[in-house]
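2 protein chains.
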Amino acid sequence: MEQTFSISDLAREFDITPRTIRHYEAEGLIAPAREGQRRIYSGRDRVRLALVLRGKRLGFSLAEAKEIIDLYAAPQGEAFQLRTMLEKLDEKREMLEDKRRDLDAAISNMDKYAARCRDRLAELESRREAAE
Amino acid sequence: MEQTFSISDLAREFDITPRTIRHYEAEGLIAPAREGQRRIYSGRDRVRLALVLRGKRLGFSLAEAKEIIDLYAAPQGEAFQLRTMLEKLDEKREMLEDKRRDLDAAISNMDKYAARCRDRLAELESRREAAE
DNA sequence: CCCCGAGTTTACGTTAACGTAAACGTAAGT
DNA sequence: ACTTACGTTTACGTTAACGTAAACTCGGGG
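Which chain is which? The protein sequence lines are S and F, in order. Quick note, the working numbering runs 19 ahead of the 1-based positions in the first sequence. Quick note, the working numbering runs 19 ahead of the 1-based positions in the second sequence.
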């Protein structure tokens, strides 16, 4: 049998509240099994939750995250479905690459600025030495 | 004289509404000059706006974006200020690198999945050929 | 002089993503 | 049997990030 998790297990692990997890379920992002009323989360549910949270960190809305994640859970039975899925994947991939360009620009931007700060600091230090 | 921009100039260029730009000003992200009542945006203002929007695309809140952008506009006069700025820069840089890790994981994840889809599709195609 | 387009302020409305509280169920420990 | 911990639903509250509308100003054209 595969391992299962309670809602507070996952809440602890990902440092969010149970309310947040229930909210994601209400939005159709996760669909855990039930044991009576209690939600029982499988390993796959856990992975989906992790994907949602990563999506959020990258600036996607829950709706956008759902679009992406649902691709990974699609049926992929026939060739036609596989083709349209590959198209959608490509589209999403471009979005991600756009973000990577933004991110790389932001980082190199910051690096350049930091380098200038260090230069400036070194100059100040050398002047101070010269004054001794 | 350097080039200046009206609020609708920038709104057009960045595909946002004037309201959005005014909102950023109200939140302290931009502080354009005034000519009477009219806002006059300098090239530097334009750059700040671009930074805000990039921050948003990367999933930062306006407050977070402000923190980062304000670093680039800080005085940096004395050595002490330079040192604390370099510390803050390093901290922000780590946030960006965290995001890059997430992003790279998301992309390679998607690539692997797409590859599996292509394999599966190729298999279906070869079977179809064999059936002819 | 009047109007038009562009800009302004003020203020209330809206949406997403939860927070918070109430009222209740259930299983385990003492 | 009572408490405690954890879970549930329902529903209203909150915050960020704007949207939307009203009422005003202001410089230029006809």
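Even for Gly, the Cβ is constructed at its ideal location relative to N, Cα and C.
Query: Bounding residues of the beta strand (DSSP E) (the contiguous stretch that carries residue 52/F); Result: 52-54
Query: Entirely enclosed alpha helix (DSSP H) segments - the segment 37-72 of chain S, minimum 4 residues; Result: 37-45
Query: CB contact flag (residue 91/S, residue 71/S, <7 Å); Result: no
Query: Bridge partners - residue 79/S, DSSP secondary structure assignment; Result: Residue 79/S is not bridged to any residue.
Query: Residue 78/F at chain S interface by Cβ criterion, 7 Å; Result: yes
Query: Given 8 Å, three or more beta-carbon pairs between the segment 37-54 of chain F and the segment 81-98 of chain F; Result: yes
Query: Proximal residues, the segment 98-116 of chain S versus chain F, C-beta separation under 8 Å; Result: 98, 101, 102, 104, 105, 108, 109, 111, 112, 115, 116
Query: Nonlocal neighbours in the same chain, by C-beta distance under 6 Å from residue 64/F, ignoring five residues either side; Result: 49, 51
Query: Where residue 99/S falls, given that 16 or more other Cβ within 10 Å makes a residue buried; Result: exposed
Query: Beta-carbon neighbours of residue 143/S, restricted to chain F and to distances below 7 Å; Result: 98
Query: Closer than 8 Å at the beta carbon, the chain S residues around residue 95/F; Result: 136, 139
Query: Cα-Cα separation between residue 102/S and residue 142/F, rounded to whole angstroms; Result: 13 Å
Query: Anticipated Cβ contact below 8 Å, residue 33/S with residue 68/S, distance rounded; Result: 7 Å
Query: 8 Å contact criterion, which residue 59/S and residue 36/S should meet: CB distance rounded; Result: Not really, about 19 Å apart at Cβ, beyond 8 Å.
Query: Residues of the segment 61-90 of chain F whose Cβ lies closer than 9 Å to any Cβ of chain S, in chain order; Result: 70, 73, 74, 75, 76, 77, 78, 79, 87, 90
Query: C-beta neighbour in chain F for residue 28/S, strict 7 Å; Result: no
Query: Span separating the alpha-carbon of residue 40/S from that of residue 54/S; Result: 17 Å
Query: Residue span of the alpha helix (DSSP H) that contains residue 35/S, given as start and end; Result: Unbroken run through residue 35/S: none, as it is neither H nor E.
Query: Whether residue 62/F touches residue 21/F by CB criterion (7 Å); Result: yes
Query: Nearest residue (CA-CA) to residue 136/F, options 30/S, 122/S, 105/S; Result: 105/S
Query: Pick from 56/S, 132/S, 87/S that is closest to residue 87/F, judged by C-alpha positions; Result: 132/S
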